[in-house]
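>
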Amino acid sequence: KAGVTQTPRYLIKTRGQQVTLSCSPISGHRSVSWYQQTPGQGLQFLFEYFSETQRNKGNFPGRFSGRQFSNSRSEMNVSTLELGDSALYLCASSLQGDPETQYFGPGTRLLVL
Amino acid sequence: GESVGLHLPTLSVQEGDNSIINCAYSNSASDYFIWYKQESGKGPQFIIDIRSNMDKRQGQRVTVLLNKTVKHLSLQIAATQPGDSAVYFCAETYNNAGNMLTFGGGTRLMVKP
Chain D
1425 KAGVTQTPRY LIKTRGQQVT LSCSPISGHR SVSWYQQTPG QGLQFLFEYF SETQRNKGNF
1485 PGRFSGRQFS NSRSEMNVST LELGDSALYL CASSLQGDPE TQYFGPGTRL LVL
Chain B
2 GESVGLHLPT LSVQEGDNSI INCAYSNSAS DYFIWYKQES GKGPQFIIDI RSNMDKRQGQ
62 RVTVLLNKTV KHLSLQIAAT QPGDSAVYFC AETYNNAGNM LTFGGGTRLM VKP
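Chains D and B are the protein sequences, given in the same order.
If you're matching positions, the first sequence starts at 1425 in our numbering and goes up one per residue.
If you're matching positions, the second sequence starts at 2 in our numbering and goes up one per residue.
1. Would you grab the beta carbon distance between residue 76(B) and residue 63(B) for me? Rounded to a whole angstrom, and I think it's under 8 angstroms.
2. Report the start-end ranges of each beta strand (DSSP E) in the region 1458-1526 of chain D that is 3 residues or longer and not cut off at the edges.
3. Do residue 1447(D) and residue 1494(D) have their C-beta atoms within less than 7 angstroms of each other?
4. Could you check what DSSP says for residue 56(B) in three-state terms: helix, strand or coil?
5. Output yes if chain D places a C-beta closer than 7 angstroms to the C-beta of residue 19(B); else output no.
6. Does the region 1464-1484 of chain D come close enough to the region 1525-1532 of chain D to have 3 or more Cβ pairs within less than 8 angstroms?
7. Should residue 2(B) go down as buried or exposed, given a rule of 16 or more other Cβ atoms within 10 Å for buried?
8. Is it buried or exposed, residue 1492(D), if we count other Cβ atoms within 10 angstroms and call 16 or more buried?
9. Please report the straight-line C-alpha distance between residue 41(B) and residue 87(B), rounded to a whole angstrom.
10. Taking the beta carbon of residue 89(B) as the centre, do at least 16 other beta carbons fall within 10 Å, making it buried, or is it exposed?
11. Which residues of chain D have a Cβ atom closer than 8 angstroms to the Cβ of residue 101(B), listed in chain order?
12. Here's the rule: buried if 16 or more other CB atoms are within 10 angstroms of the residue's CB, otherwise exposed. What is residue 93(B)?
13. Quick check on residue 32(B): does DSSP put it in helix, strand or coil?
14. According to the neighbour-count rule (16 or more other Cβ atoms, all chains shown, within 10 Å of its Cβ), is residue 1434(D) buried or exposed?
15. Is residue 84(B) close to chain D, meaning its C-beta is less than 7 angstroms from at least one C-beta of that chain?
16. Taking the straight line between their C-alpha atoms, what separation do you get for residue 1444(D) and residue 70(B)?
17. Out of curiosity, what's the CA-to-CA distance linking residue 1514(D) and residue 54(B)?
18. Can you find the residues in the same chain that come closer than 6 angstroms, C-beta to C-beta, to residue 11(B), ignoring five residues on each side of it along the sequence?
19. When the Cβ atoms of the region 1447-1457 of chain D are set against those of the region 15-31 of chain B, are three or more pairs found closer than 8 angstroms?
20. Use the C-beta contact count for residue 1472(D): other C-beta atoms within 10 angstroms, 16 or more gives buried, fewer gives exposed.
21. Compare the Cα-Cα distances from residue 37(B) to each of 103(B), 83(B) and 19(B) and report the closest residue.
22. For chain D, find out if any of its Cβ atoms is closer than 7 angstroms to the Cβ of residue 50(B); answer yes or no.
23. By Cβ distance below 7 angstroms, which residues in the same chain neighbour residue 96(B) in space, the five residues on each side in sequence not counted?
24. Measure the C-alpha to C-alpha separation of residue 80(B) and residue 1504(D) and round it to an integer number of angstroms.
See below:
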């Protein structure tokens, strides 16, 4: 079956702009989590959505937000982009929020100029 | 805050040798640990997991050891192959945290032919 898909795969934005990233989970998976990966900070948890509700949230400013739709697809939004937001944004889906069934997508690489 | 860390950023081994990748964690409440492999251009891939009520778990060519006394876990790869070259991450979570994983900094494994 198809894995987790993320669009777009690459994105270039300028400071102050906003960006929306999309994640389509594996069919049947109801939980979607987002992570930010940078060389300096490594992999950091952003938030998790389950049944259209945010269930957990990491330590990121309010500029980072997300949502989940009824078909479990998820989007994350970053407003007022900063240079430090340049990163690989990873989405992962699981059946019901259980990490042992979690699969990661290939990520969206965001470059902020 | 508490986080999971790694001792060695880069590990170089000869093809056919065994590899050992180490990880230290500081959250005594953590009760579930996962090792991930991340190849270039891809998201992390689940390798093996272990719960805190176990000391050792074996998979195909991989073994994870957990020492709760010193809050340390390790990943052993037997007969390392060129295809094992990647960055390896340990991650931890605890009951009720769902997919809110805390990742270590990562170790790059390089396999020399």
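Beta carbons are placed, not taken as given, at the ideal position from N, Cα and C, and that holds for glycine.
Checking against the coordinates, here is how it stands:
1. What you label residue 76(B) is simply residue 75 of the second sequence in a count that begins at 1. What you label residue 63(B) is simply residue 62 of the second sequence in a count that begins at 1. Their Cβ separation, rounded to whole angstroms, is 6 angstroms, which keeps residue 76(B) and residue 63(B) in contact under 8 angstroms.
2. Within the region 1458-1526 of chain D, the complete beta strand (DSSP E) runs of at least 3 residues are 1466-1474, 1477-1481, 1488-1492, 1498-1502 and 1511-1518.
3. Position 23 of the first sequence, counted from the start, is the residue given in the question as residue 1447(D). Position 70 of the first sequence, counted from the start, is the residue given in the question as residue 1494(D). For residue 1447(D) and residue 1494(D), no; Cβs fall outside 7 angstroms.
4. Working through the second sequence from its first residue, we reach residue 56(B) at position 55. Three-state result, residue 56(B): coil.
5. Here residue 19(B) corresponds to residue number 18 of the second sequence, with the count starting at 1. Not one chain D Cβ lies under 7 angstroms of residue 19(B).
6. no
7. Numbered from 1 along the second sequence, position 1 holds the residue referred to as residue 2(B). Note that residue 2(B) scores 31 on pLDDT, short of 50, meaning its location in the model is unreliable and no value can be drawn from it.
8. Stepping through the first sequence from its first residue, residue 1492(D) is reached at position 68. Flag for residue 1492(D) reads buried.
9. The count along the second sequence starts at 1 and reaches residue 41(B) at position 40. The count along the second sequence starts at 1 and reaches residue 87(B) at position 86. Distance between the alpha carbons of residue 41(B) and residue 87(B) is about 7 angstroms.
10. Translated into the one-based positions of the second sequence, residue 89(B) becomes position 88. Buried, by the Cβ-count rule.
11. As a first step, residue 101(B) is located in the second sequence; it is residue number 100 there, counting from the start. Neighbours of residue 101(B) on chain D, chain order: 1457, 1469, 1472, 1480 and 1482.
12. Here residue 93(B) corresponds to residue number 92 of the second sequence, with the count starting at 1. Counting Cβ neighbours within 10 Å, residue 93(B) comes out buried, since at least 16 surround it.
13. Within the second sequence, the letter at position 31 stands for residue 32(B). In the three-state DSSP reduction, residue 32(B) falls in the coil class, being neither helix nor strand.
14. Locating residue 1434(D) in the first sequence gives position 10, counting from the first residue. Note on residue 1434(D): under 16 other CB atoms within 10 angstroms of its CB, so exposed under the neighbour-count rule.
15. Within the second sequence, the letter at position 83 stands for residue 84(B). Output row for residue 84(B): interface = no.
16. By 1-based counting over the first sequence, the position of residue 1444(D) is 20. By 1-based counting over the second sequence, the position of residue 70(B) is 69. Cα to Cα, residue 1444(D) sits roughly 44 angstroms from residue 70(B).
17. To locate residue 1514(D), count along the first sequence from 1; it is residue 90. To locate residue 54(B), count along the second sequence from 1; it is residue 53. Whole-angstrom Cα-Cα distance: 30 angstroms.
18. Mapped onto the second sequence, residue 11(B) falls at position 10. Taking residue 11(B) as the centre and dropping the five residues before and after it, the same chain places the C-beta of 109 closer than 6 angstroms to its C-beta, in chain order.
19. no
20. As a working mapping, residue 1472(D) is identified with position 48 in the first sequence. By the neighbour-count rule (16 or more Cβ atoms within 10 Å), residue 1472(D) is buried.
21. Locating residue 37(B) in the second sequence gives position 36, where the first residue counts as 1. Selected option, being the one with the closest Cα: 103(B).
22. Locating residue 50(B) in the second sequence gives position 49, counting from the first residue. Under the Cβ distance rule, residue 50(B) counts among the residues neighbouring chain D, one pair being separated by less than 7 angstroms.
23. Within the second sequence, the letter at position 95 stands for residue 96(B). For residue 96(B), where only same-chain residues beyond five positions count, the Cβ hits under 7 angstroms are 32.
24. On the second sequence, position 79 is the one that residue 80(B) refers to. On the first sequence, position 80 is the one that residue 1504(D) refers to. Going by the C-alpha atoms only, they are around 49 angstroms apart.
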